Structures are given as C-alpha cells and as structure tokens.
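Okay, so here's the structure we're looking at.
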Amino acid sequence: MPRIKFLPSNREIEVKEGTTIIRAALDAGVHINASCGGNGVCGKCKVIIEKGSVEDGITEKLSKEEIEKGYRLACKSIVKEDIEVRIPIESAVDTTIFKLPMTPRKTAAIQQVDLQDFKEKGLFLTPIEKKYLELPPPSHEDNIADVTRMINFLKVKYNEHKMEVDFSVIRKITDVIREKDFKITVTLARSVREGGKTKIINVQPGDTTSRNFAIAIDVGTTTIYGQVLDLNKGEVLAEHGDFNAQISYGEDVISRIIYAEKGNGLEELNQAVLSTINNIIHEIMKMAQVSDDDISTVTIAGNTTMTQLLLKLNPRYIRRSPYVPTCNLFPPIKAKDIGLDLKEHVLALVYPCISSYVGGDIVAGVMGSLMYRAEELTMYIDIGTNAEVVIGNKDWMVCAACSAGPAFEGGGMKFGVRAEKGAIEDFSINPVTLEPMIATIGNAKPIGICGSGIITMVATLFETGVIDSKGRFNRNLKTPRIRENEGVYEYVVAWAHESGIGRDITLQEPDIDNLIRAKGAIYSGCMTLLNEVGLSISDLQKIIIAGGFGNFIDLEKAMTIGLLPEMDTDKIVYVGNGSLMGAKMSALNNQIRRDVVEVTRKMTNFELSETPSYMDKYVASLFLPHTDMNLFPKVSKRLKEKWEMIKKLRQEHGTEELKNK
Numbered sequence: 009m010p011r012i013k014f015l016p017s018n019r020e021i022e023v024k025e026g027t028t029i030i031r032a033a034l035d036a037g038v039h040i041n042a043s044c045g046g047n048g049v050c051g052k053c054k055v056i057i058e059k060g061s062v063e064d065g066i067t068e069k070l071s072k073e074e075i076e077k078g079y080r081l082a083c084k085s086i087v088k089e090d091i092e093v094r095i096p097i098e099s100a101v102d103t104t105i106f107k108l109p110m111t112p113r114k115t116a117a118i119q120q121v122d123l124q125d126f127k128e129k130g131l132f133l134t135p136i137e138k139k140y141l142e143l144p145p146p147s148h149e150d151n152i153a154d155v156t157r158m159i160n161f162l163k164v165k166y167n168e169h170k171m172e173v174d175f176s177v178i179r180k181i182t183d184v185i186r187e188k189d190f191k192i193t194v195t196l197a198r199s200v201r202e203g204g205k206t207k208i209i210n211v212q213p214g215d216t217t218s219r220n221f222a223i224a225i226d227v228g229t230t231t232i233y234g235q236v237l238d239l240n241k242g243e244v245l246a247e248h249g250d251f252n253a254q255i256s257y258g259e260d261v262i263s264r265i266i267y268a269e270k271g272n273g274l275e276e277l278n279q280a281v282l283s284t285i286n287n288i289i290h291e292i293m294k295m296a297q298v299s300d301d302d303i304s305t306v307t308i309a310g311n312t313t314m315t316q317l318l319l320k321l322n323p324r325y326i327r328r329s330p331y332v333p334t335c336n337l338f339p340p341i342k343a344k345d346i347g348l349d350l351k352e353h354v355l356a357l358v359y360p361c362i363s364s365y366v367g368g369d370i371v372a373g374v375m376g377s378l379m380y381r382a383e384e385l386t387m388y389i390d391i392g393t394n395a396e397v398v399i400g401n402k403d404w405m406v407c408a409a410c411s412a413g414p415a416f417e418g419g420g421m422k423f424g425v426r427a428e429k430g431a432i433e434d435f436s437i438n439p440v441t442l443e444p445m446i447a448t449i450g451n452a453k454p455i456g457i458c459g460s461g462i463i464t465m466v467a468t469l470f471e472t473g474v475i476d477s478k479g480r481f482n483r484n485l486k487t488p489r490i491r492e493n494e495g496v497y498e499y500v501v502a503w504a505h506e507s508g509i510g511r512d513i514t515l516q517e518p519d520i521d522n523l524i525r526a527k528g529a530i531y532s533g534c535m536t537l538l539n540e541v542g543l544s545i546s547d548l549q550k551i552i553i554a555g556g557f558g559n560f561i562d563l564e565k566a567m568t569i570g571l572l573p574e575m576d577t578d579k580i581v582y583v584g585n586g587s588l589m590g591a592k593m594s595a596l597n598n599q600i601r602r603d604v605v606e607v608t609r610k611m612t613n614f615e616l617s618e619t620p621s622y623m624d625k626y627v628a629s630l631f632l633p634h635t636d637m638n639l640f641p642k643v644s645k646r647l648k649e650k651w652e653m654i655k656k657l658r659q660e661h662g663t664e665e666l667k668n669k
C-alpha cells in the first residue's frame, strides 16, 4: 500500500492504490481547504508534491507556473506510489485566528444584551436549579424508599411539587445518598411548558449548590463556538472556538448535503462535527475548571443543515423543492444520546428551525437580541454563506434565507481566504499612483483576502474610479498594478516578494463578480421581504447585524457596494454571534425557552426562489451599488464629488508622472 507523508504536520498514512490525496488527508485528520467538497471546481485544495508523483491532479485551476513548481489539486490527484505532500499555507487552516484581535473601523455600535429586562419585569426563571437536602437516615420505623425520601423532603423544605425522576437518578441514588451520610444535592430541570412537571435529573453527594453550570454551543457551517456558564451568577466562565471539521468535506451546506447522500457520508459528517464540539467542550471545561458532573444542561443552536447533521437526520430534502426539513421543533434530548461527551444526566436543548434555510441559529439570534420583544420595526441580518434576514417586531415577523455563497468567507476568489493570520482585512489606495496600503490580521505577510477585506477593497476601487459599476477595471489607467493575466484583468494587491505565499496576490474581475452576486442576493432578499409586507427601507427603525463577520464590516463601504441598504448608521447595531448569544440566554432563563415556541409560530418564512419579485430585484442589484441610484442618494452624491476630485488630481499629475511613480 502506498504511504503518504503530509508536511508540515509530518503525519503519515497508508492508503489503497487509487485513493485521492483529499481522501487520504481526511483519513489522516489533515485539513485541506476544499470549498466544493472535492469536486474539482473551486481550485482551493492546492498541494505541492515534493517526493514521488501522482496521477492526474492538473486542471485549469492551476497556472503554468504552479504546475512547474509541483502544485496539484488534492481532489484530483490519484496516489499510485509513496509520496510526500506539502500543504501550502493558503490551503491549510490556521486556528490562531480565534486568539487574534482584528481592527474594526467605522463599524456598527455594539448592542449589549443581558437578562436585566426579564428580571425587572419578573420574567426571569432559572431553568436548572440545585437544592441541598440533609435527610434523616432510614430506620425500622421510617424505611421508605430512597427516591421517595428525597421527593418528600423536596416538598417539605422547598415546596416542590409535580416532580418526575429521571431513571439515571434512580440507578445511582442508593450509593450517592449514603456517601455523605444522607446529605445530597438534587438537580431540578424546570419544564419549558408553564405548569409542566419538574424533572429530577441528577443527585450528588454533599452540598454542590455553588457549582451549577451549563454549556452553550453555536454550530456554524465554518466555525463552532462554545461557552461554559455559571447558572448561579449568570456569567460566562470560559469560551473557545474552532473550525468545524466538516469543512474538509465542503465549505457550504449544499456541498455537505450532497456528501451526506453518498454511502457513509452522513455518518462521517456527524462524527466530524461531534469531534469538534467535544474538543471544544473539553477545552472550555478545562479553562473554567469545571467537572463534567457539575454540567447540568447544554443548549445548541445551528442552521437547519448543521442541526440535522449533528442529530444524524437525513438532510437530503433540504435542498430539493419544496425544501422540507425533517423537523422544526426538537424535544429535550439526552446529550449523551446524540454523541456529546457529557454525563448521562445532561439534557440538550436544540433551538427549533423555521425552514430548510432559516434555522435555529437565526431563531436564537432573534431571541438573544431581544428583537422578539421590541416595539420598533427591526431588520435582523446574519451575514454569511447563507445569509438570513428577519423583519418585524414583537407582534409579527417575516424571514428569508439568501444564498449569498462563500464570497464573504473568502470562497469563490482566486486569493480568497478565511479571516486568519495574514488575511488582508483593510485596504486603501493612492488615487493617483494607484499604489495600495493594506492591513493584515496579526500584522503578518499577506496570504490572501478575507471577506471584510474584499468589501473594503471593491468599495475603495469603485470610489476611486479604478473599477466601474459592473466591476470592470478601467483599462486606461497606466499602472503595472492593473494587468491582463491569461485573459483575465486583475489588480495586484501584493507582489510575490511582499506576500507570505511567494506569489502575487491579486483581485480579479471574476472575484468582483462573485462579490457583486453575493451582495446582490442579500440586498435583494432584504428588499423583497420589505416589499412583500408593504414596507420600505424608510420604515425601518433599526438594523441588527449578527455574525462574527458583521463587526468588521465598514458600514460606509458596505453601503457603497450595495450590500446594506442606505440608512443612518446610528440606527445600525451589532450583536456579535447572535446564535451563541441566544444559546446562552436560553441556558440562563427558562422564560426564553418558553417564549421560543411562540416566536417560531410568529415567523412567516418566504422561499425567495418561489417569490416572483425576487429575481427582478436580484438582477437590479448586480451593479455597484445598484441600477437605481435613487435608492442610494447619499452614496451617489459622495461618489460624484469624489470622482470629480480624483479626475482633477490625475489631470494635474499627468500620464508621464504617473508612469514614473
């Protein structure tokens, strides 16, 4: 059997002859970017064959220079003999991003959300409580069963009624109750239904009432985050994030659904996401110095596809008309039963989904941001690969998902990367010399352009007349930065000797096309929803931006390209990871858990592909910022003034001076 050595990790694995490098990497636990799920269409899974040779692996996604240097596509490279394969920096995952600060500028104000609103209105209900009991030991005169003894004293001391006992408690109470001379702590899980039964889910020896913890999990398509929460104090004790291991099977939900339909695909994807979640759980418990026996509950929020893959539910019909998920509402589940590495008593609460593409992460965001209790008319936008929009207030809500594609996470671009060390996150340009100034995450050598970087880059190039409203470069500008490369026009952002990958980093016209389509999908989705309920942008009183990406969007630049509707920036707020925030709020307050069912009933979903007006609005959005500039009056005025100023500057300097510079 051929042996493969992966560099720089030095991991080795034996594979059957005929195995592709991408499959071998998956089996070896080595990540290689493959946003198309290994179908050969994205060109992201570039590797370098340093020893030995492979069959195939050369496609039009590789330049002649790359082929000469030994680059191949891992998904198309067939192993026939022993080889050494190097994963170049642009094809690997760098998890140091989770510890690096980024540099936000002109971004939305951060909206602080806490539970004070509920406390002030008497709506704060602790979902999990611990009660300490000192029980009299049994005697000949008092020889009732251990469980009955516990229940009776809960009634007497704490006025607890309508209780049921989990079988795991019955199984262990005999030994636990005697370990500390009949001094025990009982964990009670309150019903999410008003007037429902309280469930006794755990019993511990001694007094552990001060150690009552929960875990909140956001299962994202690209990243997964977890928090340990102190249920007594309502505080976050530890937080950690990591890339979802499923990204090795495809970067978007559609490619993962397709993979799940193949052979053992569903099982593989389920195990991949579980491995990431369990690693995060172990890490945050270690950081918070919390024992797994003191974890009482875990709340989970994710989009519909991620939720179904986590619960090992066939996602096949999510992507097929009429787009039907397996389930909208999920009952409380034993965490252990879905594969989480937690004790038997821990209950998992999974946020409900609205539709195939509006999932529990958006419901969690609506709950966590308290939009569902707001008087003002609000638009909630979670910007990502599958951007979701919710419009409404405490009385009604409509929602839709916009298939934006992976452009905001660096996908679909020749030099697009996720937000990681070395990713270009900010950009400006000298309007005369056309020389750039860039800022990267971690102040490292540039390796590519992340989502916030491309928004700023395209907006800046448009503002300075380097590209037109269709995203085409101005061929008349005399600069080596703008060039034609294999029939494609591009702007050189960083020369090879300046970059961290040893090659020129460029922004190409097809990259700009992808961004325009992505922003067009989101903007037209917003406008379609407003139109369907008889409203306009001017009727909105507030916009909430959610998602880790949202805090790094320059609002002015986002409006310049037509990603966000034009409105007063003071009305735009950022709530961060809305999904994780909603999971946290649900873990801390049973009122949120009770409200969520009613909220899902209020949310009317629109399938944009089935909404006649959507396509017209989408086509109209495929320009910078839009075909109808009356929708962007302030942007239009600012652009005209800026273009006039730049035109004068270029005339003053002249072509020859421009060439010399």
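Numbering (the numbering used here), first residue to last: 9 to 669. Beta carbons are placed, not taken as given, at the ideal position from N, Cα and C, and that holds for glycine. Computed from a predicted structure; not experimentally measured.
Query raised in the report: Since residue 8 contacts residue 548 with CB under 8 angstroms, what's their CB separation in whole angstroms?
Result: Nothing about residue 8 can be read from this structure; the chain reaches only from 9 to 669.
**Report entry** Sequence ranges, alpha helix (DSSP H) only - wholly within the segment 378-460, length at least 4
**Finding:** Secondary structure within the segment 378-460: not one fully enclosed alpha helix (DSSP H) run of 4 or more consecutive residues is present.
**Report entry** For residue 611: DSSP bridge partner residues
**Finding:** 405
Query raised in the report: Nearest CA to the CA of residue 294: which residue from 234, 255, 263?
Result: 234
Query - Nearest-angstrom Cα separation, counted from residue 311 out to residue 24 - result: Answer to the nearest angstrom: the Cα atoms are 36 angstroms apart.
**Report entry** Backbone CA spacing between residue 666 and residue 49 [nearest angstrom]
**Finding:** Only weak support exists for where residue 666 lies, its pLDDT of 45 falling under 50; the value from the coordinates is given anyway. For residue 666 and residue 49, the distance between alpha carbons rounds to 39 angstroms.
Query raised in the report: Counting pairs of beta carbons, one from the segment 536-548 and one from the segment 424-442, are three or more of them closer than 8 angstroms?
Result: no
Query raised in the report: Buried or exposed: residue 271, going by 16 or more other Cβ atoms within 10 Å of its Cβ?
Result: exposed
Query raised in the report: Does the separation of the CB atoms of residue 535 and residue 625 fall below 7 angstroms?
Result: yes
**Report entry** N- and C-terminal bounds of the beta strand (DSSP E) containing residue 161
**Finding:** Run containing residue 161: none in the beta strand (DSSP E); it sits in the alpha helix (DSSP H), 154-166.
Query raised in the report: If you scan the segment 523-557 from start to end, which runs of the beta strand (DSSP E) of 3 or more residues do you find wholly inside it?
Result: 550-554
Query raised in the report: Which whole-angstrom value describes the C-beta separation of residue 466 and residue 661, a residue pair presumed to lie in contact below a C-beta threshold of 8 angstroms?
Result: At roughly 24 angstroms, the Cβ-Cβ gap does not stay under 8 angstroms, so residue 466 and residue 661 are not in contact.
Report task. Can you grab the Cα-Cα spacing for the pair residue 17 / residue 275, in whole Å? Result -> 26 angstroms
Query raised in the report: Straight-line CA distance for residue 563 to residue 34?
Result: 39 angstroms
Query raised in the report: Thinking just about the alpha-carbon of each residue, which of 351, 32, 88, 95 is nearest to the one in residue 212?
Result: The residue with the shortest Cα to Cα distance from residue 212 is 351.
Query raised in the report: Is DSSP giving residue 82 helix, strand or coil here?
Result: coil
Query raised in the report: Does DSSP classify residue 221 as helix, strand or coil?
Result: strand
**Report entry** Alpha carbon of residue 572 to alpha carbon of residue 652, nearest angstrom
**Finding:** Between residue 572 and residue 652, the alpha-carbon positions lie close to 25 angstroms from each other.
**Report entry** Whole-angstrom distance between residue 413 and residue 194, CA atom to CA atom
**Finding:** 48 angstroms
Query raised in the report: How many angstroms separate the CA atom of residue 664 from the CA atom of residue 445?
Result: Residue placement at residue 664 cannot be trusted, given a pLDDT of 36 that sits under 50; the coordinates are not used to answer.
Query raised in the report: beta strand (DSSP E) containing residue 193: first to last residue?
Result: 191-197
Requested in this report: Could you check if residue 635 is buried or exposed, using at least 16 other CB atoms within 10 Å of its CB as the buried criterion?
Outcome: exposed
Query raised in the report: From which residue to which residue does the beta strand (DSSP E) around residue 234 run?
Result: 231-238
Query - Nearest-angstrom Cα separation, counted from residue 401 out to residue 249 - result: 31 angstroms
Query raised in the report: Looking at C-alpha atoms only, which residue of 328, 343, 324, 309 is the closest neighbour of residue 337?
Result: 309
Query raised in the report: Do the CB positions of residue 374 and residue 380 come within less than 7 angstroms of each other?
Result: yes
Report task. Give the straight-line distance between the Cα atoms of residue 215 and residue 560, rounded to the nearest whole angstrom. Result -> 46 angstroms
Requested in this report: Below 8 angstroms on the Cβ atoms is my guess for residue 87 versus residue 12; work out the distance and round it to an integer in Å.
Outcome: Contact annotation, residue 87 with residue 12: C-beta distance approximately 6 angstroms; criterion of less than 8 angstroms satisfied.
Query raised in the report: Between residue 409 and the rest of its own chain, which residues show a CB-CB distance below 6 angstroms, the 5 nearest in sequence each way excluded?
Result: 365, 366, 394, 396
Report task. Give the single residue among 229, 360, 602 whose Cα lies nearest to the Cα of residue 281. Result -> Minimum Cα distance to residue 281 is reached at 229.
**Report entry** Run of the beta strand (DSSP E) containing residue 292, from where it starts to where it stops
**Finding:** It is not in any beta strand (DSSP E) - residue 292 instead sits in the alpha helix (DSSP H) that spans 273-296.
**Report entry** residue 291 versus residue 371 - alpha carbon distance
**Finding:** 27 angstroms
Query - Pick from 41, 26, 37 that is closest to residue 424, judged by C-alpha positions - result: 41
Report task. Tell whether a beta-carbon distance below 7 angstroms holds between residue 602 and residue 200. Result -> yes
Requested in this report: With a cut-off of 8 angstroms on the beta carbons, I'd call residue 205 and residue 158 a contact; round off their distance for me.
Outcome: Their Cβ separation, rounded to whole angstroms, is 16 angstroms, which puts residue 205 and residue 158 out of contact at 8 angstroms.
Query raised in the report: CB-CB under 8 angstroms to residue 109, same chain, minus the five flanking residues each way: which ones, in chain order?
Result: At residue 109, the pLDDT of 44 sits below 50, so the modelled position is not reliable; the number obtained from the coordinates is stated separately. Answer for residue 109: no residue qualifies.
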